[in-house]
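Asks: Going by full-length UniProt numbering, the residue at position 189 of the sequence shown is 189; the numbering climbs one at a time, nothing skipped.
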Amino acid sequence: MLKKMNQVKWDYQYDTVVIGFGGAGATAARFAADAHAKVLLTDAAPNGHEGGNTRYSAQLLGTVDSFDEGKKYYQNLTAPMQLDDSMVDTFVAGMANMRDYVQKYLNVDPVSVKNDFTAADSPISLDSAVHEFPEFDGVQSYDFTTVHHGIFDAALWKILRQKVLDRQQQIDVWLSAPAQHLIQDPTTNTIIGVQIERQHRLVNVRATNGVVLACGGFENNQQAIQDYLGAEHLAPLGTLFNKGAGIKMAQEVGADFWHMQNYESLGFLHGLSIAVPQGERGRLILGWPEVNHGSVITVADDGSRYFDESEANRHGHIYDHGMWRVPRTNVHPYLVFDETQYQQMLASQYTPINNLTDLVVKAPLL
């Protein structure tokens, strides 16, 4: 960590530096530029891979029809945890104003998933996702907003990226340029710059009016996954460039953290994907009927069955004694099935992997 301002040789100077060119970083850079700032937007990903998880997500924006009903639903979702009420109000107000925001700042007509979507707009039904917790008060207020009639197509990301490109007179973009350290005034502790690795050289960038950390999570850092989530390993479903750099930089300057154990996953069964080599992206599989009914079970590391394969999965959470929780991970869970089920998998049009025969291990007895 660089601490002594009088020892720093500045290589570049900007009004604002934004670290991370995903949805949040693109938005921060765009509005800083609109406030007449000269902005540096930097990202660790190479050209064509910037965008963070926003690029790979379903492109759905959480929205509520009513602030009061939306807050009620949000508080039910987070119960029994105690959250700062002003933070909750800010979050819910953003969802209540989402459609206006999309129209005013993204310059497209917002599309309501629950009111406007048809079967042709999505390969899967989104009804259960919109009303994911139907037993909670306020659920009828919840909705998703999209920027057009489609999902999983990077449409939102493309608009956010274009808003940055439209302001290239005000925003410089560095790719393959991971931030390494925040630079802090030793007397006031004010963050005054960033050290960035650019073209195999460390450069010091002064920020005269603030640094924005928008560099994502740590899903590609297996050590952080072990430290914070208590899992031996997990495979990312989105970007391959979120490695917890922002956490390290914030720790160096004394930042506090919260919710570090919180994560979830879409996927088949309770939120699983087919195992991939470390460093590769897992495939998001939203439906595989042959693994949750018939002569098939999922077993944990000791060979025991650890959940009901037919039960509901709500974004990786399954019902657990009055709460919806992400089940404890295993080093290597297995699907176990008989020959009849295997043949059904091979014959099914819904089997989502084309190398099933390469993955199967056969044995006469278990």
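C-beta: ideal position from N, C-alpha, C; glycine also. In this text, all values refer to a predicted model and were calculated from it rather than measured experimentally.
Whole angstroms is fine: what's the gap from Q343's alpha carbon to G316's?
Replies: Rounded to the nearest angstrom, the two C-alpha atoms are 28 Å apart.
Asks: Tell me whether M95 is buried or exposed, calling it buried when 16 or more other Cβ atoms sit within 10 Å of its Cβ.
Replies: Buried.
Asks: Which residues mark the beginning and the end of the alpha helix (DSSP H) in which Q251 is found?
Replies: Note, Q251: alpha helix (DSSP H), A245 to E252.
Asks: From what residue to what residue does the alpha helix (DSSP H) around T359 run?
Replies: Here residue 359 turns out to be Leu, not Thr, going by the sequence shown. Its alpha helix (DSSP H) spans residues L356 to L359.
Asks: What are the start and end residues of the alpha helix (DSSP H) that includes L156?
Replies: It spans A155 to L165 - the alpha helix (DSSP H) in which L156 sits, taken as one unbroken run.
Asks: Could you check if E50 is buried or exposed, using at least 16 other CB atoms within 10 Å of its CB as the buried criterion?
Replies: Buried is the call here.
Asks: H270: which of R281, G287, K9 and Q261 sits nearest, CA to CA?
Replies: Cα-wise, what sits closest to H270 is G287.
Asks: Could you pull out every residue in the same chain whose Cβ sits closer than 6 Å to the Cβ of F21, ignoring the five residues on either side in sequence?
Replies: Here the set comprises L41, D43 and E50.
Asks: Quick one: complete alpha helix (DSSP H) runs, 4+ long, within the region 239-313?
Replies: If we require 4 residues or more, the alpha helix (DSSP H) runs fully inside the region 239-313 come out as 245-252.
Asks: Does the separation of the CB atoms of L175 and P46 fall below 9 Å?
Replies: Contact: yes.
Asks: Please report the distance separating the alpha-carbon of T329 from that of E232.
Replies: Taking the straight line from one Cα to the other gives about 8 Å.
Asks: Out of curiosity, what's the CA-to-CA distance linking T208 and I318?
Replies: Between T208 and I318, the C-alpha separation is close to 47 Å.
Asks: Can you tell me the Cα-Cα spacing of I285 and I274, whole angstroms?
Replies: So the alpha carbons of these two residues sit roughly 9 Å apart.
Asks: For M98 versus T63, is the C-beta spacing smaller than 9 Å?
Replies: Result yes, Cβ atoms of M98 and T63 sit closer than 9 Å.
Asks: Quick one: give me the first and last residue of the alpha helix (DSSP H) that Q13 is part of.
Replies: Here Q13 belongs to no alpha helix (DSSP H); instead the beta strand (DSSP E) covers Y12 to Y14.
Asks: For the candidate residues W258, V164 and H200, whose alpha-carbon lies nearest to that of A32?
Replies: Ranking W258, V164 and H200 by Cα distance to A32 puts V164 first.
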